[in-house]
Structures are given as structure tokens and as C-alpha cells.
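J.:
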Amino acid sequence: MNSRDSLQAKVRSILELANHPNTPHAEAENALAHAFRLMQKYGLDESDVSGSAISAGEIVSKTFTITGPYRVRRGTLLWTMSKTLSCHAYRDMMQHGSGQVTIVAFGTSNDLLSLGLLFQAAEMLAIRLLPAGDRRFRTSWWHGYCDGIARKLESEHRKIVKETPGAGLVLVERAERARRTMTDTAPHLRTNTSRYSTDRQAYGAGQNAGTQFTAGRNAVGSNQRAIGPG
């Protein structure tokens with residue numbers, strides 16, 4: 001086994017630990033962050049981790065099915081995070097399965113893997129920090145949390161563009177290819193918005209929680225549409 005094969009095996013092992021139901025939240029979050037840093041540092045993508053033969057530069061799609069409590073809010077979190085990565089996504093409203101939210105994301109295999117890993121880590125942080133309160137309070141908290149996450153990742157994006165010559169153009173190009181593929185695949189998408197009553201205290205608490213999220217480096221880049229605040 002060469003060093004690259006050994007590294008791939010290490011990443012797969014870390015991801016298995018992170019996703020194991022018996023792994024404590026804090027340990028799982030650390031494991032996800034560790035795997036993410038390794039993949040970014042050594043240029044691994046989902047084809048390396050899963051053993052498939054998808055080209056790292058090809059735009060592909062990935063469907064995220066979200067179930068359980070706060071699934072609409074968690075779907076909004078996933079969409080919000082994709083806006084700051086080189087991906088584009090939409091909520092598939094044709095999937096009316098009871099108790100689930102379906103998000104379809106487009107990007108390179110590496111960007112989609114980064115999105116999935118960051119989303120899992122952000123979910124874990126939210127579960128740990130979500131305060132008690134009524135539905136209005138928690139909805140406001142989730143919206144603030146999503147905005148806080150977005151600000152954190154946008155800040156990382158600016159750092160990467162500043163520190164890496166040419167990175168901005170590369171990220172914009174990847175995001176544009178993802179957008180074109182999404183609109184070609186689903187040409188009838190439209191932007192929806194939702195109205196909700198905001199609890200400013202809860203929103204601020206959620207936003208502060210979101211800015212605590214640590215993304216690692218080297219993963220960012222796009223603007224987006226197709227699912228409003230959920």
C-alpha cells in the first residue's frame with residue numbers, strides 16, 4: 001500500500017468514526033474536521049473516499065434526504081452552506097415523502113463532499129447549542145444560526161482568495177459550472193421566499209452560535225437560489 005492509499009484508508013476510517021451512532025457529538029465533530037482538513041490538504045475527493053471513478057473536475061449531483069426533527073430548518077442550513085461553497089442546490093418539492101426534506105446539490109465531487117462534511121459538523125454544533133423555547137423562538141434561532149454559518153464561511157472564502165493567487169477565479173468558474181448544470185437539469189426552478197415572525201433575541205443567539213463554527217480552510221465559493229428560508 002502506497003502513501004496515498006494509506007491516506008485514503010485513514011480518511012475512510014475517520015469518517016466511519018464520525019458517523020458512528022455511539023460516537024459522542026464533540027468527538028464526531030472533531031473527527032469530521034480532521035477528515036476535512038486531510039482531504040483539502042492532499043486534494044482528496046469523494047472518488048478517493050468511496051473508491052468510485054468520478055472525475056474530480058466533473059460537475060455531478062448529490063441528493064440529501066433529511067429526516068427527523070427540524071428537518072426543514074436543517075434543509076435551510078444545508079442550502080445556506082452551499083451558497084458559500086462552489087455548489088448550487090435546490091429543494092426538490094416533487095419529493096413529498098412524509099417526514100423528509102430532499103435537497104439536490106450540484107458541484108464537483110470534492111466540493112459536494114466538503115459540503116456534506118461541513119453540514120454534518122454544523123448540525124452537530126446546532127444540536128449541542130439549540131436552546132429551549134417555543135416554536136417561534138427556535139425558528140428564529142435557526143435562521144440566525146444559518147446566517148452566522150454563512151458569515152463564517154464567507155470570511156473563510158475571503159481569506160483563501162486573498163492568500164492564494166488565482167483562487168477566486170477558480171472558485172467562481174466551478175460555481176458557474178455547477179449553476180449551469182443545475183439549471184440545465186431542472187430548468188423550471190424558481191425562487192421562493194417564506195415569511196416568519198422573528199424573535200430578535202433568539203435570532204441573535206443563533207447567529208452568535210453560527211459564527212462559532214470552524215470550517216477549516218480551502219473550501220468555498222458561490223451565490224445561489226432555489227430554496228428560501230425554510
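Numbering (full-length UniProt numbering), first residue to last: 1 to 230. Built from N, CA and C at the ideal position, the CB exists for glycine as well.
1) Pick from S86, R71, S114 and E176: whose alpha carbon is nearest that of I102?
2) For the alpha helix (DSSP H) that contains T76, what are its first and last residues?
3) In three-state terms, what does DSSP make of V11?
4) According to DSSP, what are the bridge partners of Y90?
5) For S98, which of helix, strand or coil comes out of DSSP?
6) Look at the Cβ atom of F36, then the Cβ atom of S109, and state whether they are nearer than 8 Å.
7) Where does M124 land, buried or exposed, given buried means 16+ other C-beta within 10 angstroms?
8) Looking at the secondary structure, which residues open and close the beta strand (DSSP E) in which K139 lies?
9) If you drop the 5 nearest sequence neighbours on each side, which residues of the same chain put their C-beta closer than 7 Å to that of I59?
10) Can the beta-carbon of T80 be found closer than 8 Å to that of I160?
11) Using three-state DSSP, classify T185 as helix, strand or coil.
12) Determine the direct distance from the alpha carbon of E154 to that of G144, and round the result to whole angstroms.
13) Label L32 either buried or exposed according to how many other C-beta atoms from any shown protein chain fall within 10 Å of its C-beta, with 16 as the threshold for buried.
14) Which stretch, first to last residue, makes up the alpha helix (DSSP H) that contains E123?
15) What distance in whole Å lies between the Cβ atoms of Q120 and T65, which are believed to be in contact at a cut-off of 8 Å?
16) Relative to the C-alpha of P187, which candidate in G166, F137, A89 and R12 has its C-alpha closest?
T.: Looking at the atomic coordinates:
1) Note on identity: in this sequence residue 102 is Thr, with Ile being the wrong assignment. It is R71 whose Cα lies nearest to the Cα of T102.
2) Where T76 is concerned, the enclosing alpha helix (DSSP H) stretches over R71 to K83.
3) Here V11 carries a helix assignment [DSSP, helix/strand/coil].
4) Under the DSSP definition of a beta bridge, Y90 partners with V104.
5) Three-state result, S98: coil.
6) With contacts defined by Cβ atoms closer than 8 Å, F36 and S109 do not form a contacting pair.
7) M124 should be labelled buried.
8) The residue asked about is misnamed: residue 139 is Thr in this sequence, not Lys. Where T139 is concerned, there is no enclosing beta strand (DSSP E), although the alpha helix (DSSP H) it sits in stretches over R135 to E163.
9) Taking C-beta separations shorter than 7 Å and ignoring five residues to either side along the sequence, the partners of I59 in its chain run F106, G107, T108, R177, A178 and T181, following chain order.
10) It is not a contact, given that the beta carbons lie outside the stated cut-off.
11) The answer is helix: DSSP assigns T185 an H, G or I state.
12) In a straight line, the C-alpha of G144 is about 15 Å away from that of E154.
13) By the 10 Å Cβ count, L32 comes out buried.
14) Per DSSP, E123 belongs to the alpha helix (DSSP H) from S109 to L129.
15) A Cβ-Cβ distance of about 14 Å is found for the pair T65 and Q120, leaving them out of contact under the 8 Å criterion.
16) Looking at the Cα atoms, A89 is the closest of the given residues.
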